[in-house]
Amino acid sequence: MSTRQRRLRAPEWLQLDNAGKIYPATRSQDWMAIYRLSVTLDEPVDRALLGRALQSTLKRLPTFGYRLRRGLFWFYLEQQSTQPQIQDDAANPCMPLSRGRDGHHMFRVRVHDARIAVEIFHVLADATGTMTFLLTLTAEYLRLRYGPRIPATALVLDLRDKPDPSEWEDSFPKYARQAARPRSEEAAYPLRGTPAERDYLQVVTGMVDTAALAQRARGYGVSVNTYLAAHILQALVDIARQDKSPRRARKPVKLSMPVNLRRYYPSRTLRNFSSYINMPIYQSYGEYTFEDILHQVKHYMGYETGEQLINARFSGNVHAEQSRLLRLAPLFLKSLVLRLMYALTGERYFTSVMSNLGLINLPDGMARRVKRMDFIIGGGRSNPVSIGCVSVNGHTFINFSKTIREATLEQRVFSALVRDGLHVVVESNRRMTG
Amino acid sequence: MSYCVHCGVELAVSERDCPLCGTEVVNPRCAWERPEQLPYPETVDVKDAHIDRRYARQLVAMVMAVPALIVLLVDWVDGGGLRWSPYVVGALVLIYCWVVVPLLFKLSRPYAYVAVDFISLGAYLLLIAAMTGGLNWFVQLVLPLLALCGAALSGAILALRRLEWPLLDRMALCCAILGIFLLLLEVLISLYAGVPVRLAWSIYATIPLDVIALMMLFVERNKRMKQEIRKRLFL
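Chains as they are written, first to last, in the working numbering: chain A, 827 to 1260; chain B, 31 to 265.
Below, the structure is given as structure tokens:
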């Protein structure tokens, strides 16, 4: 039997994956775990063509069109026949999905001039899955717009292929093992500030030349990811040292860094399949130079990203999900427990999050049309600043998204990059009047 | 192109001043002009409204009306009249006033909540008094007692909300209000019991309260003493 024959139609409904189970329980009208990936082309986007491209893309990647439903014991995803309308972009990205504006869809596609943005609820997919969706959508749009088909790659799927069950599998239980690590950690230093305007996620983007950034990182003998993480941690350490509350300042600053588990396992899933590492710096134990922090990040990340430790970390979550007691609890009770757990542990274990999608290699025909990409993480429920990075076509885009007015963290990070000899261009989503 | 002299970063053409530090960028050769296309549009997404209080109020009222109607019906069918069901219905109304009103109604002043609570409590006790033939007890003791409690609580709220007053002054006023409340309580109980009004236990409670209130007023006005106390009692 050939591979193509073995492929099935998309299922009527799907259980949420292991990582996705927490998000519906913790969402509210005010907050939802939303993030955004966008691609900026070299000319304004034709909405009608994009709508057609979205229709074809959803046929190839059907699980992105699913809606969230409430069962007796768990939330689940269900197929629906409608597709979201292309929306105008807004000044404030990553607002919670709204029944009135977005219907029952778990993502929205927005357009502003030459930019196509996908804002998505984390319950559907992680950033790698959504990147595949966005690039496949963009490739189809470019085909409709200019004619030639963009060759398929790992991140750009061929729409002539049929959907494959391995693309919507929950890979967590498949690769989890018996041994698990304890999930409790020391609470992290909480970043605080003056709350920004309600309903307004502030975004500050720094654009850096990727080759210069990589050269600078190589000069220190580390990767770009480690280099950027060290600068962010250095800035957080400086902020914590100036905190007037000694109780808060004693806590270590921690930067949470998601880890793509597809690097470790041969999974083809487009749903959530990532874990994280909370990188701590114990600033109350003494002075840290930038080199000290670089050294610590390099070795701590090297240790923590070993397959065995990564596996033990997500295996704990899989075991918790498989607990008979939890499975038998009705959904409202489960949601209460998950909400409480998230409030007590979720964001207390890190000060900020930095997710670096790395260098995105675009196929020929697409690379010359794409000017830019951005990755914006919606504001945390309690942690006010998140950082998303992505590199494409020789530029790295570092997006700080925040729910506080103060720009101390990004100011320190970008100034440090400038002092390191890098040329940084900054841009924001502030409203300019006059 | 313009650079921030403080942060050293180059500003994108859309930025009039530095988004990191707010420093205004003055480039005499190239004054800032609003570009035709900003990186983000002007329109702002608005989150869905918070809980629809009106809908929630109606929903809770309907949910509470169901058991109320059931008990009224059962009582009527079972005994041909209303014998015990008014207690249940009255209790449900009381719960609505004490729990739902503070959560789902937005009254402009806290005194309104106090009024709703005490009026509903008074009405429920009146119902009990009427059904048990104890109107005398209600008029002579419950009604003045409720009025006294309501007045004392409103007085305390009034004192605590005077934020421009020093904290110790506000606390002193609350102590004084509590002392007066206790004195009047004993007077009321004596009148109801039909014994001559002689203040006994309330005096023992009121005197220390008044002393504490006076001490607070004194300490608040004596800066050296306040400093001394702060010095010795700091945590």
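Don't be surprised by glycine CBs; every beta carbon is placed ideally from N, CA and C.
Proximity test, Cβ basis, 7 Å: B/E40 and chain A: yes
A/Y861, enclosing beta strand (DSSP E) - first and last residue: 860-867
Secondary structure, alpha helix (DSSP H): runs of 4+ residues fully inside the segment 942-996 of chain A: 953-972
Nearest to A/L1157 (by Cα), restricted to the options A/Q906, A/L983, A/P850: A/P850
Pair within 7 Å by beta-carbon distance, A/N918 and B/D75: yes
Residue-level contact to chain A via CB, B/C60, 7 Å cutoff: no
C-beta contact flag for B/L122 and A/Q1237 at 7 Å: no
Residue environment, B/G209, which counts as buried when at least 16 other CB atoms sit within 10 Å: buried
Cross-strand partners of A/Q841 (DSSP beta bridge): A/Y902
Beta-carbon proximity check, A/N1143 vs A/T954, cutoff 7 Å: no
Cα-Cα separation, A/T908 to A/R878: 13 Å
Residue-chain proximity (B/S32, chain A), Cβ-Cβ < 7 Å: no
From A/Q911, A/R1256, A/V1244, residue whose alpha carbon lies closest to that of B/E40: A/V1244
For A/F933, the three-state DSSP class (helix, strand or coil): strand
Per-residue DSSP class, three states only, for A/R830: Here the model assigns A/R830 a pLDDT of 43, short of 50, so the residue's position is not dependable and the matter cannot be decided.
Within-7 Å CB hit, A/A851 to chain B: no
Cβ of A/F1240 within 7 Å of any chain B Cβ: yes
Test: A/V1244 CB closer than 7 Å to a CB of chain B: yes
With 16 other Cβ atoms within 10 Å as the buried cut-off, status of B/F248: exposed
DSSP three-state assignment for A/K847, whether helix, strand or coil: coil
Status (buried if at least 16 other CB within 10 Å, exposed otherwise) for B/M266: Examination of residue 266 of chain B is not possible in this model, given that chain B is present from 31 through 265 alone.
Residues near A/T1177 by beta carbon distance below 6 Å, same chain, minus five either side: A1014, Y1015, L1017, L1062, V1079, K1080
DSSP bridge partner residues for A/Y1102 (one or two, in chain order): A/P1084
is_contact[B/T73, chain A] using C-beta, thresh 7 Å: yes
Buried versus exposed call for A/V1250 [16 or more other C-beta atoms within 10 Å across all chains shown]: buried
Helix, strand or coil at A/Y1114 [DSSP, three-state]: coil
Any 3 or more C-beta pairs closer than 8 Å across the segment 1004-1011 of chain A and the segment 1128-1139 of chain A: yes
Residues near A/G846 by beta carbon distance below 6 Å, same chain, minus five either side: V949, N1098
Option in A/E1232, A/F959, A/S1010, A/L1235 with minimal Cα separation from A/Q881: A/F959
Positions along the segment 926-939 of chain A whose CB lies within less than 9 Å of some CB in chain B: G926, R927, H938, D939
Candidates B/Y70, B/L151, B/Y126: closest to B/M92 by CA position: B/Y126
Check: A/Q1041 C-beta below 6 Å from any heavy atom of the ligand NAP: With respect to the ligand NAP, the structure offers nothing, as it holds no ligand at all.
For B/P49, three-class secondary structure by DSSP: coil
Cα-Cα separation, A/A1056 to A/M1127: 11 Å
Amino acids of chain B, ordered along the chain, whose beta-carbon sits closer than 7 Å to that of A/M921: D75, K77
Status (buried if at least 16 other CB within 10 Å, exposed otherwise) for A/H1125: exposed
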